[in-house]
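Here's the structure, in structure tokens; my notes come after.
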DNA sequence: CCGGGCATCCTTTTT
DNA sequence: GGATGCCCGG
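In full-length UniProt numbering, the protein residues as written are 1 to 775.
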């Protein structure tokens, strides 16, 4: 590393980098070179004799962690950098918990539940407690539990907290405490932790095992935390515990960019840091290197409407730049078209590449209109966030096998795959198994292993045994030190999943097959890439699973620099920057969201979100809103967002006509910025469908089958006595005549002609009942 | 027991 | 418009 690294910094940046011991708070405005400071500071620490093994650096996203690692490597070289502990809160804690799992009674291969897994456990529990999931919405219940854990509250404490009980009573949901308790028990029994547990259990571990605390306090002598404004109480307490021995804590944050309170983050953590740690050195990074004056001034002006901030004045030496283009369209589809057209225009006019553009929206659901318009214009794009690769059904199914092999305590995942592919283990069998497992207080898996003993018979027993044997064969492979890829291949073959998807020639089937292949490839890549840190040399299944559970699709981009327009939510864009940004959907009830306008705090968070959105842009910023848009399938009208009124008029250009609002059938020929513009605009308005009234009648289809009222004395007859030629009555189809019988004695199928209900039908007599009216 | 078809909810934002 | 849940027919 060269000695000049300090000279590339401005005054406050250098002050931050050179502070080595004692608490440090860096208030880093948007685009003020925060990552540069963090990475340079790590270099500086090492330069001054700090051991890389003693540095812990925590971020919120994999992306941020990855970037930090890469930048440190660039300064230090990879041999030294690999000894640093850089990762997300969740991944670092998962690793530590894995090492200490047995102390908490967990297997070291514990499963990590994502929120879908968690909600499905909650549904099971609601069912068991005989609670109505219409009233106890899994989403809501999960949110309460999550909030409790983020505030380090156990089920016991939850149940005895007066304020919380009042709240739940008032909402008429008094059982949430019990659900939480049962949920926690079930997760433990399953050997599984959800995302929040990774923080909560980490806290408990440090709190209740002093020797563990001491070990890690000693190991992590220097701690750095990125995006400190987004930490929640659990993270806060963990950091406090870890840092207590040496207080070499460096936090970086910007209160103006705190946008995660819905996840339990409290802005108080950063506002109070100075009070928590005596002699905190505070450094403010106020020079913005990213944006034009126009962009920055708009951002500053808007955020000025928030109260109670850390005082700072963000400024820039950059050029004034173009005004912010504010564009109104009639509909969401037109908004999509506007953006795609403008991208095409800007590419020509200002020689941009696709990768220079980013479309930012408030909710994932908004992506559709932009996808459609970009596709029509043949502009390559990629959506970040939304349903990630690992949340796809086929991927989750496949991974469930691997998870079960790794941890048979995991009832949730066993249930997911026990009948996939179909092997004749149905709902009845699963329920019976659950009851047995509960009654005997043994794992679900053990009931399956001892199925014969528990009275399962015939085909069911055979199917269960086959399933158990198969899983055990995979486990044997784990024992024999086969790596994750070998086992995944075996799973794909033995289960028949790969073959089944291969034979499915529908479009979706094809996509699923490709996804599975991609998954297998990624597992292969995992096993073949040498690990950077000495602690994780093996390429075991367990290691693999642990890693991917915390992966969101953001990290999945090997094509980081591929030339595509990026689409994402504003939340996902935090920390990123783009030459040209489209900030779309600036409408009341969408942005700010109708969910977040009830309190001042909520509204201020929305405003901070807008601030984040604006400050992503380097040189050009387009802001758009639609007069009306489709929501849940019908057209709604929205007022322009109140944030638009907060933007200073002198930096706004409302006259921009768009890259040419084209006529709806324009397709390949994009007619922007030329003399046809007027025509195009007119046409566009006219071609709006007449559904714009907002009323859409949904015609009710007539029932195909005429409803037959069964005879009052209807009693099904024994299928064994039925023969062709008999006249019969069906509860739905009415009267008919049997024309043929087939099937073995235990599964007879009658072909019956029902004159009043569409003619000939095949009736499986085991399930559908017939009464004989004439022999 | 299983799969298809309809009805119903939905929407913040993410590790 | 889209995913999940439930019901019913085979």
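Virtual Cβ for every residue (Gly too), placed ideally from N, Cα, C.
Closest by C-alpha distance to residue i, when choosing among the options
| i | options | result |
| --- | --- | --- |
| residue 385 | 551, 631, 480, 762 | 551 |
| residue 373 | 485, 439, 341 | 341 |
| residue 95 | 6, 112, 620, 573 | 112 |
| residue 720 | 644, 741, 221 | 741 |
| residue 563 | 303, 169, 358 | 358 |
| residue 421 | 729, 613, 326, 397 | 397 |
| residue 235 | 503, 200, 565, 499 | 200 |
| residue 261 | 219, 19, 352, 231 | 231 |
| residue 56 | 429, 328, 482, 81 | 81 |
| residue 114 | 318, 303, 503, 548 | 548 |
| residue 352 | 654, 762, 620, 613 | 620 |
| residue 652 | 416, 465, 361, 320 | 320 |
| residue 218 | 343, 248, 144 | 248 |
| residue 585 | 363, 227, 542, 46 | 363 |
Neighbourhood of residue i by C-beta distance below 7 angstroms, restricted to the same chain and skipping five residues each side
| i | result |
| --- | --- |
| residue 775 | 726 |
| residue 148 | 158, 180 |
| residue 544 | 484, 523, 526 |
| residue 436 | 447, 454 |
| residue 202 | 93, 96, 97, 238 |
| residue 630 | 332 |
Coarse secondary structure for residue i, derived from DSSP in three states
| i | result |
| --- | --- |
| residue 738 | strand |
| residue 51 | coil |
| residue 40 | helix |
| residue 630 | strand |
| residue 776 | With the chain running from 1 to 775 in the structure shown, residue 776 is simply not present. |
| residue 717 | coil |
| residue 664 | Summary for residue 664: the model assigns pLDDT 32, below 50, so the residue's position carries little reliability, and this model does not support an answer. |
| residue 356 | helix |
| residue 725 | coil |
| residue 192 | strand |
| residue 496 | coil |
| residue 762 | strand |
| residue 696 | For residue 696, the predicted structure reports a pLDDT of 27, less than 50, and the residue's modelled location is therefore unreliable. The matter cannot be settled from this model. |
| residue 367 | helix |
| residue 426 | coil |
| residue 247 | coil |
| residue 755 | coil |
| residue 382 | strand |
| residue 451 | coil |
| residue 730 | strand |
| residue 420 | coil |
6 angstroms Cβ shell around residue i - same chain, five flanking residues per side excluded
| i | result |
| --- | --- |
| residue 669 | Confidence is the limiting factor: at residue 669 the pLDDT is only 31, short of 50, which leaves the residue's position unreliable and the question unanswerable from this model. |
| residue 640 | 625 |
| residue 138 | 119, 122, 123 |
| residue 290 | 31, 577, 618 |
| residue 409 | 190, 191, 443 |
| residue 411 | 190, 444 |
| residue 755 | none |
Beta-carbon proximity list for residue i, same chain, < 8 angstroms, skipping 5 on both sides
| i | result |
| --- | --- |
| residue 274 | 25, 280, 282 |
| residue 642 | 588, 592 |
| residue 601 | 261 |
| residue 315 | 286, 287, 288, 296 |
| residue 165 | 159, 174, 177 |
- Query: Are the stretch 458-466 and the stretch 510-519 touching by the rule of at least three beta carbon pairs closer than 8 angstroms?
  - Reply: No contact exists between the stretch 458-466 and the stretch 510-519.
- Task: Just list the alpha helix (DSSP H) runs in the stretch 61-144, keeping only unbroken ones of 4 residues or longer that don't cross its boundaries, in chain order.
- Result: If we require 4 residues or more, the alpha helix (DSSP H) runs fully inside the stretch 61-144 come out as 62-76, 78-81, 89-100, 115-128.
- the stretch 33-42 contacting the stretch 59-78, beta-carbon criterion three pairs below 8 angstroms: Yes, the stretch 33-42 touches the stretch 59-78.
- Task: Kindly provide the ranges of any alpha helix (DSSP H) runs that are 4 or more residues long and lie completely inside the stretch 6-31, ordered along the chain.
- Result: Taking only runs of at least 4 residues, the alpha helix (DSSP H) segments lying wholly in the stretch 6-31 are 11-18.
- Touching or not, the stretch 125-138 and the stretch 246-255, by the rule of three or more beta carbon pairs under 8 angstroms? Contact between the stretch 125-138 and the stretch 246-255 is absent, because fewer than three Cβ pairs lie under 8 angstroms.
- Scan the stretch 601-657 and note each continuous beta strand (DSSP E) run of 3 residues or more that stays entirely inside, going in chain order. Complete beta strand (DSSP E) runs here, min 3: 617-631, 634-637.
- Message: If contact is defined by three or more beta carbon pairs under 8 angstroms, each pair taking one atom from either stretch, is the stretch 287-303 in contact with the stretch 647-654?
- Response: Yes: at least three Cβ pairs fall under 8 angstroms.
- Message: Pairs of beta-carbons, one from the stretch 404-418 and one from the stretch 461-472, closer than 8 angstroms: are there three or more?
- Response: Yes, the stretch 404-418 touches the stretch 461-472.
- Check whether the stretch 176-191 touches the stretch 200-216, taking contact to mean three or more Cβ pairs, one atom from each stretch, closer than 8 angstroms. No contact exists between the stretch 176-191 and the stretch 200-216.
- Message: Ignoring anything shorter than 3 residues, give me the beta strand (DSSP E) runs that lie fully in the stretch 292-334, in order along the chain.
- Response: Every beta strand (DSSP E) stretch that sits fully inside the stretch 292-334 and reaches 3 residues is listed by chain position as 324-331.
- Mind listing, in chain order, the continuous beta strand (DSSP E) runs of no fewer than 3 residues lying wholly within the stretch 159-227? Those beta strand (DSSP E) runs which fall completely within the stretch 159-227 and span 3+ residues are 192-194, 222-225.
- Query: Is the stretch 303-317 close to the stretch 590-610, with three or more CB pairs under 8 angstroms?
  - Reply: Verdict: yes, contact present.
- Return the chain-ordered ranges of every beta strand (DSSP E) run that is complete within the stretch 466-522 and spans a minimum of 3 residues. Here no run is fully enclosed.
- Would you check if there are 3 or more beta carbon pairs closer than 8 angstroms linking the stretch 358-369 to the stretch 332-347? Touching, per the Cβ criterion.
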